[in-house]
Structure formats: structure tokens, C-alpha cells
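Novice: My structure is below; once you've seen it, I'll send some questions.
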Amino acid sequence: MRVAVIGAGVIGLSTALCIHEQYHGLVPSLEMEVYADRCTPHTTSDGAAGLWQPYLSDHGNLRETLWNKETFDYLLGHLGSPAAKEMGLFLISGYNLFTQPVPDPSWKNIVLGFRNLTPKELELFPGYSYGWFNTALMLECRSYLPWLTNKLTQRGVKFFHKKVESFQEVSGDGMDVVINCTGVRAGELQPDPELQPGRGQVIKVLAPWVKHFIITHDIESGIYKSPYVIPGSEFTVLGGIYQHGNWNEENSAQDHKTIWENCCRLLPALQKAKIVEEWSGLRPARRWVRLERETLRHGHFQAEVIHNYGHGGFGITSHWGCAMAAARLFGSILQEKKLGSPPQPRL
Amino acid sequence: MAAPKVAVVGAGVVGLSTALCIAETCHSCSVTVLSDQFSPNTTSDVAAGILIPHTYPGTPIHVQKQWFKETFTYLFAISNSAEASEAGIHLVSGWQVFKNTPKEELPFWSDVVLGFRPMSEAELQKFPQHRFGQAFATLKCDCPPYLLWLEKRLKATGVQMYTRKVADLWELHSEYNIVVNCAGIGAHQLVGDEKLFPVRGQVLKVHAPWMKHFIRDGDGLTYIYPGIHRVTLGGTREKEIWSLSPDSGTTKDIFDRCCSLEPSLRGAQDIKVKVGLRPSRWCVRLQREVLSQGGVKLPVVHNYGHGAGGFSVHRGTAKEAARLVGECIAALQGSSSRAKL
């Protein structure tokens, strides 16, 4: 059985690992290949700060909330392990700030220690009158993606650095299943008007005195359009840009100014921070994550495709839950091909 | 008295902050700091500088709380300003965990720190050997930055600082009108205070930049305090031990205890070992005294004996010491005007 995974961001690599871990023992002939034109550190995932935090509202999409929870619990379970440092995984606490009271988010019981901010804490953030404090996780992709790549390589998964132009290209070669984790450019393989870039820009600075994430919200403007500060293990990420439909991956001077001024107003001490890097990336925005099977028929050629893309600004947040869902879809394909029974559910 | 000359002995966090308070409140004073050690070689430089008070058995709780509150408020304002990184002041959240439920579930300082509350069951799962915990956010003063920032502020107000070993406070009587004794553990020899004793603390300062939270065992012996560049791992509380040499067995023990609380510390790099002697006393000695020899008087204000709580109360005690200096000046002026009659 041959499986081609297209895409080597957090979604592609984690889906590949999840499927390989669950099925390689059951399917003796399982051969997996990963195709990507961009690998770490040049993927969209690498630019993200790496904070686990879903959007404020799941709009009733319980599936996505469950994927987020599964991801959080999975990562939390790895915190105490020796792999945590190599994975780029650590606990982090911080503040979500609002200019008005808002309902509690869908993830309030997933994170640790969720509570409202006290008046004294709000004094730290003039202009904001309401907020939350909670403990969440950071998963830095510039460590996590190499870690995933190593695990896959150790398992014999092969990597091909090339741009895949069509599904036929990989499946025509005897591939039984194609896993489509192409993120923002999935439309190049199959048009998808629901998939749009949500352009973001960030400034990476040296500000090691910042120990908390601080995410402000402007309910009218929408997600990620209000300043945020997220401290990593080496750099602190300043952001607050979300431009729907903008494909430009070049850094914008205007956006730089917006980010810098807003973040320095939020945290005056940042004025002394040294700027190390600037980066733009395209969040693969979609109303819902596309996580489903599709049988593609094209003349003689038939391929089973599992789509797993469109995670917007919460790819890291949902990745493992999505990988497990994709693995379940893979299991159903196996059943149909009668190559093996699905694995027992793992707790 | 035209321009009272005040000497502050000691350049740790207490000496420097006291000198600054005096300069801020007494504009006619000429303040000089004298110390045999300056940052990075003071006891303060070894400490993590976390604002979690130590309880002094001999000081009324409401006084300790006042000192802590003043210190916290003062540092909170700095942490919120553009100077925060230079001053080395930053906010840090974390947990104090207990193997056994403490007698006092609400310490006197719980409403001064931010967001104090008991830990949830889910949070406690991270600490399987501990049954109870408290979560809150507090401030940390990183040294040397904080001490260097204080020195910079002092220089800006015209305060002079000299490296000088003062063997006896009386030796200063001809050059200064008032002496402020912030000699810390040095007061044991300087003024022969038998009630002052060292509590030796060994710590490790390590590179572990993924550590964003403090973790403290309620027994006060094991703690992890992330600073700007390094994480302080501690520690020991060895009463009446004067040795400043690091002990390698202790290093391993501290490291193991901290890794037991936080396994990811096994990956910590570049471990540096430091030792400091907490200047411990039943209560902080914060009082006036008048030394006299042969009819000559030298007013002294003592401000030492802060033990494990120096950073937590330094500004509060510095302000009180400055107030006492003000009283000394008034007394000197009173007696000098009497002398004119």
C-alpha cells in the first residue's frame, strides 16, 4: 500500500506521522512518501508563533472544538517527556484583552486555569476593560517540524522536495491514497473558492523579559487585526495583521508600522527590543476545515484522496485532532480495500 | 544644617534603594554610597529577586504587608514603563505547590500579588507529588540589571559611590553627619550584631529559555524562577553557615529537586553556581541609634537583616529608613539651633 502526503507543514507532517504510527504495523506493505515544494523553515507553519489558541468562537462547529481539545490534551501529555524540548513544546500563560465584556470561549475548559482578569491586572493594559488569563501551550514549528521529519525519516518515510502539479501526478504511480495537506495553495490542485489567504505579518524581536502572551481583540475588526505579543523560546513575536484575500508574501512597510506602534503602545518596554526578523505568511483560511475523503476518477485513474487543509490561523491548535481524523478516514479506506481492520481506538 | 552629608554603607538592593529614597526625599542632602562590594558581587546579585515575601517573626504583619505593598506598587509601575527591560523588572506567573496543605491557605500578601487563587485539579496534575497549590503573578527584579539601574538613577541625582571597606561606623563621623547602615550580612562584623546570622543559599543559574513560569515548593527549599536571560534554580537554607564556596553535592541535589518539579529542566544548559548569605534576623533592624564618643555624636539609621525577603520589601524599608534620616536631620537642626542660642 502506497501513500503520498502532499505538504510538509504542521498538517502534512503530523498527518503522515499519525497514519504511519497507527497503520504501519497492521499494513505490512505500507510505504509512505511526503512531497513538498517548501519544507521547514520555509512553510507557513514556521512563521507562526506557535501558540495553542483557537478563535474566540467556534460558530457551533463542535468537530473543530474537539480537534482542538484532542490536540491540547495530546501535547499536554508530552510536556513531561524528554522529547518536549526537542519538539519546541512548553507551557505558557497570558492575557486576552477586550474593550468590552465577551462570552467565555469554547476552549475555556480545555486550557488550564482559565479565569477573568482582576481590575488590578487590567491596570497593566490601559484601554482594555475586560479580559481572560489562562495557561496554554506553545509549539514552535521551527523545532516541531524537524522533530516530526526525524520521526518520519526514522520510520522509513521518504521525502521528495518537489512541487506536485496534480493529483494524477502522484497517484498515477501506483499510489493508493493521497493525503492533501497543501494549505493555502490547495486551490492549485483542485479549485476551492472557499479557500482564501488570510495574510499575516509578524516582527520577531529580542525581548526575553516578556514571559506572557498578550492578545488583544477588536470585536468589530475581527481576529488577528488587533496587536498581539507572543514570547517564544528565543524570540518574541509581534503581530496583528489579517488581510483576507491578499496573496502578497512580501513584507509591507505599512504593516510593519502598524504592528510596531500598536505593540509598543501595548507594552512600552518593547521600544527597547531589538528587531531580528520580519516575516509574512498566508493563513489558509476557510469557513470550515476541509477534512474529508474524495474518490477522484479521471479516465482509467482512480485515487482515494483525504483532504486536510484550510486551518486558517489555528493549524497548530488543531493539528493533532485533525491528523487523527484523517487517520480514521484512512482506516475506512483500508477497510474498503480489505487490507486490514481498523485499529482499536486508542485512548 | 546647610547640606547634611549622609553616608549609606552597603550597595546591595537595600543600600542602593535606601540611598535613592533619601536623595528623593531630602533634596538638600548630599548622599554618598560606600561599599566594599558593588554589583555583580553583592548578595543581591545571587538572589533571584522574586517578589514573594518572607515572614519575619519579629515584625508585625501589617508592617510587613505595607512594606511589600509599597515595593510591589513601585516596581509594578516600572514594569509597565519603557524602562522595564533596562531596570530588569518583569512580570512572571507561576505556582506555589505544597506536598501537604499549608496551615495558612491565604498568606498575608495574597491580595498584593496579581490574580492569586488556588490551583485547579487539572493544574495540580502537573505536580503529582503535591496536593495543593496557589497560582498567581508577581514581579521579579533581575540582578545585575536592577542594581545597575539604581546606580544609574543615583548618579543622575548626584549621589557619589565609592568602593571602600568600612571597618567601623565611627570612622565616618568626621566626614558625614548621618550614617545609614545597609551592610546586610556585613553588619555582623560592622556593628557586632549577634542576632544577625547567615542563612547560606546555593543556587544554579541556567539557560532554559522555554521556562516561562516560576514554580516554588511551599517548603521554600526548591524553586525555579525564570529571569530575563537565566533561570534561577534553588536552593538551600543553611543556618549559620558562612561558606561562600559552591558545593558540588549540593549542586546535584538542587538540580535533581528542580527537575523533579519540572522535568524539562534536564535540558538546561550552561549551569552556573552561586552562593549567597541571606542576612537573617528575627526582624529587620530598621531603627535609629546615636553613637557617641567623647561628646561627639553620630546619628545612625540601621536598615539591615532582611534575610530571604530583601527584594520583596526593599522599597518599603528604604522609604522608612529615609523617613528616619529625615528625623535625624530634624534632630541635628534642632540641636544646632539650640547651640546657637
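Residue numbers (full-length UniProt numbering), protein chains in the order written: chain A, 1 to 347; chain B, 1 to 341. Glycine residues also receive a C-beta, built at the ideal position from the N, C-alpha and C atoms.
Find the residues of chain A that neighbour residue 115 (chain B), judging by a C-beta separation of less than 8 Å, and give them in chain order.
Specialist: Here residue 115 (chain B) corresponds to residue number 115 of the second sequence, with the count starting at 1. Chain A residues near residue 115 (chain B): 115, 117, 118, 121 and 133.
Novice: Could one say the Cβ of residue 206 (chain A) lies closer than 7 Å to chain B's Cβ atoms, at least one of them?
Specialist: As a working mapping, residue 206 (chain A) is identified with position 206 in the first sequence. By this cut-off, residue 206 (chain A) is not an interface position.
Novice: From this set, B:320, B:252, B:257 and B:181, which residue's C-alpha is nearest residue 403 (chain B)'s C-alpha?
Specialist: This structure cannot speak to residue 403 (chain B), because chain B is shown only from 1 to 341.
Novice: Decide if residue 265 (chain A) is buried, meaning its Cβ has at least 16 other Cβ atoms within 10 Å, or exposed.
Specialist: For the purposes of this step, residue 265 (chain A) is identified with residue 265 of the first sequence, where counting begins at 1. Its Cβ having fewer than 16 others within 10 Å, residue 265 (chain A) is exposed.
Novice: Identify the contact partners of residue 271 (chain A) in chain B, using a Cβ-Cβ distance below 8 Å as the criterion.
Specialist: Looking up residue 271 (chain A) in the first sequence gives position 271. Result: 82.
Novice: What residues match up with residue 201 (chain A) in a beta bridge as DSSP calls it?
Specialist: Counted from its first residue, the first sequence places residue 201 (chain A) at position 201. The partner list for residue 201 (chain A) (beta bridge, DSSP) reads A:280.
Novice: Mind checking if residue 145 (chain A) is an interface residue toward chain B, Cβ cutoff 7 Å exclusive?
Specialist: Start at 1 with the first residue of the first sequence, and residue 145 (chain A) comes out as number 145. It does not: the Cβ of residue 145 (chain A) has no partner Cβ on chain B nearer than 7 Å.
Novice: What do you reckon, are the CB atoms on residue 227 (chain A) and residue 263 (chain A) nearer than 7 Å?
Specialist: Start at 1 with the first residue of the first sequence, and residue 227 (chain A) comes out as number 227. Start at 1 with the first residue of the first sequence, and residue 263 (chain A) comes out as number 263. Yes, the Cβ-Cβ distance between residue 227 (chain A) and residue 263 (chain A) is below 7 Å.
Novice: What are the residues in the stretch 256 to 269 of chain B lying within 8 Å of chain A by C-beta distance?
Specialist: For the stretch 256 to 269 of chain B, which is checked against every Cβ of chain A, the residues closer than 8 Å are 263, 264, 266 and 267.
Novice: Which residues in chain A sit within 7 Å of residue 92 (chain B), going by Cβ to Cβ distance?
Specialist: Here residue 92 (chain B) refers to the residue found at position 92 when the second sequence is read from its first residue. Correct list: 211.
Novice: Can you name, in chain order, every residue of its own chain whose Cβ lies under 6 Å from the Cβ of residue 341 (chain B), other than the five neighbours on each side?
Specialist: On the second sequence, residue 341 (chain B) is found 341 positions in, with the first residue counted as 1. Bear in mind that a pLDDT of 46 at residue 341 (chain B), under 50, signals an unreliable position, so the model cannot answer this.
Novice: Can you look up residue 341 (chain A) in the DSSP assignment and give me helix, strand or coil?
Specialist: Residue mapping note: residue 341 (chain A) aligns to position 341 of the first sequence, counting from 1. Any answer about residue 341 (chain A) is weak, because its pLDDT of 49 lies below 50 and its placement is not dependable; what the coordinates show is given next. Of the three classes helix, strand and coil, the one that applies to residue 341 (chain A) here is coil, per DSSP.
Novice: Within its chain, find whatever has a CB closer than 6 Å to the CB of residue 65 (chain A); leave out the 5 residues flanking it on each side and keep chain order.
Specialist: Residue mapping note: residue 65 (chain A) aligns to position 65 of the first sequence, counting from 1. Within the same chain, residue 65 (chain A) has close Cβ partners 58 and 106.
Novice: Just tell me which of B:52, B:65 and B:212 has its CA closest to the CA of residue 92 (chain A).
Specialist: The count along the first sequence starts at 1 and reaches residue 92 (chain A) at position 92. The candidate whose alpha carbon is nearest that of residue 92 (chain A) is B:212.
Novice: So, does the stretch 319 to 334 of chain B touch the stretch 6 to 25 of chain B, judging by three or more C-beta pairs under 8 Å?
Specialist: Flag = yes, the stretch 319 to 334 of chain B and the stretch 6 to 25 of chain B touch.
Novice: Taking the alpha carbon of residue 155 (chain A) as the point to measure from, which residue in A:238, A:21 and A:176 has its own alpha carbon closest?
Specialist: The residue labelled residue 155 (chain A) in the question sits at position 155 within the first sequence. Considering only alpha carbons, the answer is A:21.
Novice: Based on Cα-Cα distance, which residue from A:36, A:148 and A:279 lies nearest to residue 205 (chain A)?
Specialist: The sequence position of residue 205 (chain A) within the first sequence is 205, counting from 1. Closest option to residue 205 (chain A), Cα to Cα, is A:279.
Novice: Straight-line CA distance for residue 332 (chain B) to residue 195 (chain B)?
Specialist: Position 332 of the second sequence, counted from the start, is the residue given in the question as residue 332 (chain B). Position 195 of the second sequence, counted from the start, is the residue given in the question as residue 195 (chain B). Computed Cα separation, rounded: 29 Å.
Novice: Which ranges does the alpha helix (DSSP H) cover as unbroken runs of at least 4 residues, wholly within the stretch 105 to 148 of chain B, from first to last along the chain?
Specialist: Entirely contained in the stretch 105 to 148 of chain B, the alpha helix (DSSP H) runs reaching 4 residues are, in chain order, 121 to 124.
Novice: Run the proximity test for residue 204 (chain A): is its beta-carbon closer than 6 Å to any non-hydrogen atom belonging to the ligand ADP?
Specialist: Looking for the ligand ADP in the displayed structure turns up nothing, as the structure carries no ligands at all.
Novice: Taking residue 184 (chain B) as the reference, give the member of B:46, B:17, B:303 and B:2 with the closest Cα.
Specialist: As a first step, residue 184 (chain B) must be located in the second sequence, where it is residue number 184. It is B:303.
Novice: Listing by chain order, which chain B residues have their CB less than 8 Å from the CB of residue 233 (chain A)?
Specialist: Here residue 233 (chain A) refers to the residue found at position 233 of the first sequence. Correct list: 209 and 210.
Novice: By alpha-carbon positions, which one of A:109, A:285, A:250 and A:169 ends up nearest to residue 298 (chain A)?
Specialist: Locating residue 298 (chain A) in the first sequence gives position 298, counting from the first residue. Measuring from the Cα of residue 298 (chain A), the nearest candidate turns out to be A:169.
Novice: In the DSSP assignment, what residue or residues form a beta bridge with residue 217 (chain B)?
Specialist: Translated into the one-based positions of the second sequence, residue 217 (chain B) becomes position 217. Answer is B:97.
Novice: Just the C-alpha distance for residue 145 (chain A) and residue 316 (chain A), rounded to the nearest angstrom, thanks.
Specialist: Locating residue 145 (chain A) in the first sequence gives position 145, where the first residue counts as 1. Locating residue 316 (chain A) in the first sequence gives position 316, where the first residue counts as 1. Distance between the alpha carbons of residue 145 (chain A) and residue 316 (chain A): 11 Å.
Novice: Could you check the C-alpha separation between residue 44 (chain A) and residue 259 (chain A) for me, to the nearest Å?
Specialist: For the purposes of this step, residue 44 (chain A) is taken as residue 44 along the first sequence, with counting starting at 1. For the purposes of this step, residue 259 (chain A) is taken as residue 259 along the first sequence, with counting starting at 1. Each residue's alpha carbon lies about 19 Å from the other.
Novice: Does the beta-carbon of residue 319 (chain B) have 16 or more other beta-carbons within 10 angstroms, so that it is buried, or is it exposed?
Specialist: In the second sequence, the residue the question calls residue 319 (chain B) occupies position 319. Flag for residue 319 (chain B) reads buried.
Novice: What does residue 124 (chain A) reach in chain B if we use C-beta pairs closer than 7 Å?
Specialist: Indexing the first sequence from 1 puts residue 124 (chain A) at position 124. The answer, in chain order, is 80.
Novice: Strictly under 7 Å for the Cβ-Cβ distance: is residue 101 (chain A) near chain B by that measure?
Specialist: Residue 101 (chain A) sits at position 101 when you count from the first residue of the first sequence. It does not; no Cβ of chain B falls within 7 Å.
Novice: Note down, in chain order, all residues in the stretch 110 to 138 of chain B with a beta-carbon under 8 Å from any beta-carbon belonging to chain A.
Specialist: Result list: 114, 115, 117, 119, 120, 122, 123, 126, 135 and 137.
Novice: Name the chain B residues that come within less than 9 Å of residue 82 (chain A), Cβ to Cβ?
Specialist: As a first step, residue 82 (chain A) must be located in the first sequence, where it is residue number 82. Correct list: 263, 264, 266 and 267.
Novice: Does any CB atom of chain E fall closer than 7 Å to the CB of residue 228 (chain B)?
Specialist: No chain E is part of this structure, whose protein chains are labelled A and B.
Novice: From the DSSP output, read off the bridge partner residues of residue 36 (chain A).
Specialist: Here residue 36 (chain A) refers to the residue found at position 36 when the first sequence is read from its first residue. A:161.
Novice: Measuring alpha carbon to alpha carbon, tell me which of A:219, A:3, A:137 and A:186 ends up nearest residue 128 (chain A).
Specialist: Here residue 128 (chain A) is taken as the residue at index 128 of the first sequence, counted from 1. Minimum Cα distance to residue 128 (chain A) is reached at A:219.
Novice: So residue 86 (chain B) contacts chain A; which residues on that side make the cut at Cβ distance below 8 Å?
Specialist: Sequence index remark: in the second sequence, residue 86 (chain B) carries index 86 (1-based). Per Cβ cutoff of 8 Å: 272.
Novice: Could you tell me the boundaries of the alpha helix (DSSP H) in which residue 87 (chain B) lies?
Specialist: Along the second sequence, one-based indexing puts residue 87 (chain B) at 87. Residues 84 to 87.
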